[in-house]
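Below is one structure, written out as structure tokens; the observations come after it.
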Amino acid sequence: DVKVTQSSRYLVKRTGEKVFLECVQDMDHENMFWYRQDPGLGLRLIYFSYDVKMKEKGDIPEGYSVSREKKERFSLILESASTNQTSMYLCASTGTGELGEQYFGPGTRLTVT
Amino acid sequence: AQSVAQPEDQVNVAEGNPLTVKCTYSVSGNPYLFWYVQYPNRGLQFLLKYITGDNLVKGSYGFEAEFNKSQTSFHLKKPSALVSDSALYFCAVREGTGGFKTIFGAGTRLFVKA
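Protein chains in written order, with the working numbering: chain A, -5 to 107; chain B, -17 to 96.
Laid out in structure tokens, this is it:
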């Protein structure tokens, strides 16, 4: 079974702090994604990566950056956390080929106070 | 541009009754369609997908979905609901030639009452 793990289930940070969210997958998938989930808005894509050191902006990249130094690991960085970044963050991965479904991690619920 | 609509925020059904969760989509090319389920405090789990072929696709936990090209719909169905089916359901679409970007609907919360 594909396993996608995220570094924290719950996180509380203060406004202005730098926040790192980490995601690791164990299936050698090329493609990895970061979404945020907000009630009534579904999932919105922040960034995705189709290879090591490669990244593409999603629909809502402002205020975020990402890093992919190793194939299995994809990090989301909030350079200066703000209260409007309080949300559930979900990481996902999928293999090469456009037909596959995405495999999701359990999510990190981030609260910025 | 791709889009997905789930017209119902919430669906209520009695245990043992059939359930339907609605989804309509818009893409410029051939659609790849997916349903995911999210249980409380969990990530999304894949249920089923339509890529090509038979319009009725079967997935996990007894769920199925019917692709209707003329109505651009992909409704999720189950003949007999269980209390344990209560969860948040997401429809998603990817354009066939559009790479990996997937658009998710806002989600429909399903309540199954015993």
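Backbone N, C-alpha and C define an ideal beta-carbon position, used for all residues, glycine too. This one's a predicted model, so the numbers in the text were calculated from it and none came from an experiment.
Under 7 angstroms between the Cβ atoms of THR6 (chain B) and THR84 (chain B)?
-> no
Segments assigned beta strand (DSSP E), at least 3 residues, entirely inside the segment -14 to 38 of chain B | -8 to -4, 1 to 3, 6 to 8, 13 to 20, 26 to 32
Can you give me the start and stop residues for the beta strand (DSSP E) that TYR43 (chain B) sits inside?
-> Taken as a continuous stretch (DSSP letters only), TYR43 (chain B) belongs to no beta strand (DSSP E), as it is neither H nor E.
In three-state DSSP terms, what is GLN96 (chain A)?
-> coil
Report back the beta-carbon spacing between SER60 (chain B) and PHE45 (chain B) to the nearest angstrom; my notes put them in contact at under 8 angstroms.
-> For the record, residue 60 (chain B) in the displayed sequence is Lys; it is not Ser. Rounded, the Cβ-Cβ distance is 5 angstroms, consistent with contact.
Between the segment 69 to 89 of chain A and the segment -12 to -5 of chain B, are three or more C-beta pairs nearer than 8 angstroms?
-> no
Chain A contact for ALA98 (chain B) (CB, 7 angstroms cutoff) = Because chain B in this structure spans residues -17 to 96, residue 98 (chain B) falls outside the shown range and cannot be described.
Is it buried or exposed for ASN25 (chain A), if we count other Cβ within 10 angstroms and need 16 for buried?
-> buried
At a CB-CB cut-off below 8 angstroms, which residues of chain A make contact with ALA88 (chain B)?
-> GLY34, LEU35, GLY36
Taking C-beta to C-beta, are VAL(-2) (chain A) and TYR97 (chain A) nearer than 7 angstroms?
-> yes
Which one or two residues does DSSP pair with TYR57 (chain B) in a beta bridge?
-> Note that residue 57 (chain B) is His in the sequence shown here, rather than Tyr. Its beta-bridge partners are B:GLU48.
Is the Cβ of LEU26 (chain B) closer than 7 angstroms to any Cβ of chain A?
-> yes
Roughly how many angstroms separate the alpha carbons of TYR4 (chain A) and VAL13 (chain A), rounded to a whole number?
-> 13 angstroms
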